[in-house]
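Participant: Quick one: the structure is below, questions incoming.
In my numbering, the protein residues as written are 1 to 334.
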């Protein structure tokens, strides 16, 4: 009887502990591919659980939808483009969604083409056909890219195409270049049989765009009523990035478990590309994961204003907060 009673007490104790876990709904911008590894690692390694969180992650269908998914309350946190968030916060009627952690210190926004098309610089796009999915984060930066590089946009024919046909249309010669995240389009082109040496990537950051990329945004109610949990989510996510950077070969297994149709070598290369170019930049190695340079961000907001008519231009602090970041020493890449 005593043993049974003890077992009942243990059961209730375990149930009580389980109830203490706060559910957190996290919306990605895209599918479970290589760059999603850090968040999945944070689940599999128990980093979120150690913070008292029960995190569920759903894929997305493009960078543009992320803000609305979080603003609507359908998700507590999301992964989206900070430049779109700047435009969103320009409207005072919109909810005060904020970014709480930068992920892509250098944005993945790129123009991708093939060597045979002889497009070596932005001006070479004039007289060509550019394929761009309407929901693509890189396409959203096109007006700034045009302005920064003195492109005559009237000489560029833009075709709105779907994500699934973007790279195939480039490979087939139906468009001369496409907008996209470099690690996705590069790997997708390789999958169509295009040799890597034939793929040309114009990183927008290298061609005049002083912008940040995607990061973690949070719902205002979640920020207000679950500040401790949000700080825990950020802490655990940083650990996921640190672990992924330390051992990408192991981290990719967390992706493969959730995307059985993916090819391991493809997703591993995609992950390594994103780590090298977007996650772990020289600035991140110096200043730690998650933070931004507010002066650079001020320049970003000004640059967005070159092609976007502000009605209530947000200040950097309206869009990004460091409130939930742990100290720098906990954010360094080991």
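By construction, the Cβ of each residue, glycine as well, lies at the ideal position given by its N, Cα and C atoms. Note that the coordinates shown come from a computational prediction; the quantities given were computed from them, not determined experimentally.
Quick one: grab the DSSP three-state call for residue 122.
Facilitator: helix
Participant: Rounded to the nearest angstrom, what separates residue 212 and residue 21 at their Cα positions?
Facilitator: 33 Å
Participant: Start and end of the beta strand (DSSP E) containing residue 110?
Facilitator: Residue 110 -> beta strand (DSSP E) spans 109-114.
Participant: Residue 251: which of 269, 235 and 234 sits nearest, CA to CA?
Facilitator: When each option's Cα is compared against that of residue 251, the closest is 269.
Participant: Exposed or buried, what is residue 337 when buried is set at 16 or more other beta-carbons lying within 10 Å of its beta-carbon?
Facilitator: Here the chain comprises residues numbered 1 to 334, so residue 337 is not present and cannot be evaluated.
Participant: Quick one: grab the DSSP three-state call for residue 56.
Facilitator: strand
Participant: Can you check whether the CB of residue 189 is closer than 7 Å to the CB of residue 178?
Facilitator: No, they are not a contact pair.
Participant: Per DSSP, what kind of secondary structure is residue 276 in: helix, strand or coil?
Facilitator: In this structure, residue 276 counts as helix in the three-state DSSP scheme.
Participant: For the pair the region 237-253 and the region 57-69, tell me if three or more CB-CB distances fall below 8 Å.
Facilitator: no
Participant: Could you name the residues that DSSP lists as bridge partners for residue 81?
Facilitator: 214
Participant: Using three-state DSSP, classify residue 9 as helix, strand or coil.
Facilitator: Any reading at residue 9 is ruled out, since the residue's pLDDT is 47, under 50, leaving its predicted position unreliable.
Participant: Along the chain, where does the beta strand (DSSP E) that runs through residue 382 open and close?
Facilitator: The requested residue 382 is not part of the displayed model; the chain covers only 1 to 334.
Participant: Residues in the same chain with beta-carbon distance under 7 Å from residue 126, minus the five sequence neighbours each way, listed in chain order, please.
Facilitator: 151, 152, 155 and 156
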